[in-house]
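Visitor:
Numbering (mature numbering (1 follows the signal peptide of the UniProt record, and there is no 0)), first residue to last: -28 to -1, 1 to 136.
In structure tokens, the structure reads:
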């Protein structure tokens, strides 16, 4: 085997190792993404929405996004409220923003249309017009509120807990 052939084989081997490493990293990232049935990536990293808006998720025919821990996400979510039928906000004892709130939304027949965990103090939800009940649970305290969704930017609910 000539030195030239050995060099080409070595270069091909390095390229193959780098390709496998990149593919393995992408697989690990994809497999550690959202684990709830019917949801996709739960982070805002790599989102395709632009402008700091967290990644839009899908459960059945309901789209939603949540976040707002960082300033870019907060601004983007507040700016986008007018384009989403339902806006939710979660705050604690001194009006600090909360994340990790378990959200469940049921329609007028009691059928769950969304079940997820908020990734920050704001959640935007695209629902068909109608009557819904929103259950929000932080730690061991659950609150329930009904809402009438009429169109984009119309329905807003705030949930406040006195526990930290």
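Glycine included, C-beta positions come from ideal geometry on N, C-alpha and C.
Which full runs of the beta strand (DSSP E) of 3+ residues lie inside the stretch 29 to 81, going along the chain?
Guide: 29 to 31, 34 to 39, 58 to 63 and 74 to 79
Visitor: Determine the extent of the beta strand (DSSP E) in which residue 132 is found, giving its start and end residues.
Guide: 127 to 132
Visitor: Give the straight-line distance between the Cα atoms of residue 71 and residue 95, rounded to the nearest whole angstrom.
Guide: 10 Å
Visitor: Alpha carbon to alpha carbon, how far is residue 60 from residue 132? Give it in angstroms, no decimals.
Guide: 11 Å
Visitor: Under a Cβ-count criterion, where at least 16 other Cβ atoms within 10 Å of its own Cβ denotes burial, should residue 27 be classed as buried or exposed?
Guide: buried
Visitor: Between the C-alpha atoms of residue 49 and residue 89, what's the straight-line distance to the nearest angstrom?
Guide: Each residue's alpha carbon lies about 16 Å from the other.
Visitor: To the nearest angstrom, how far is the alpha carbon of residue 130 from that of residue 66?
Guide: 14 Å
Visitor: Please report the distance separating the alpha-carbon of residue 109 from that of residue 75.
Guide: 7 Å
Visitor: With the cut-off set at 7 Å, would you say residue 92 and residue 40 are in Cβ contact?
Guide: It is a contact, given that the beta carbons lie within the stated cut-off.
Visitor: Which one of 33, 25, 47 and 136 has the shortest CA to CA distance from residue 84?
Guide: 33 is the residue among 33, 25, 47 and 136 whose C-alpha sits nearest the C-alpha of residue 84.
Visitor: Return the chain-ordered list of same chain residues with a C-beta closer than 7 Å to the C-beta of residue 16, the five sequence neighbours on each side being excluded.
Guide: With a pLDDT of only 42 at residue 16, under the threshold of 50, the placement of this residue in the model should not be trusted; the figure read from the coordinates follows. Answer for residue 16: 26, 27, 39 and 45, listed in chain order.
Visitor: I'd like the list of long-range same chain contacts for residue 119, defined as Cβ closer than 7 Å, with 5 residues on each side in sequence excluded.
Guide: Take residue 119, set aside five residues on each side of it, and the residues of its chain with a beta-carbon closer than 7 Å to its own are 58, 104, 106, 127 and 129, in chain order.
Visitor: Given a cut-off of 7 Å on the beta-carbon distance, is the pair residue 111 and residue 77 in contact?
Guide: No. Outside cutoff.
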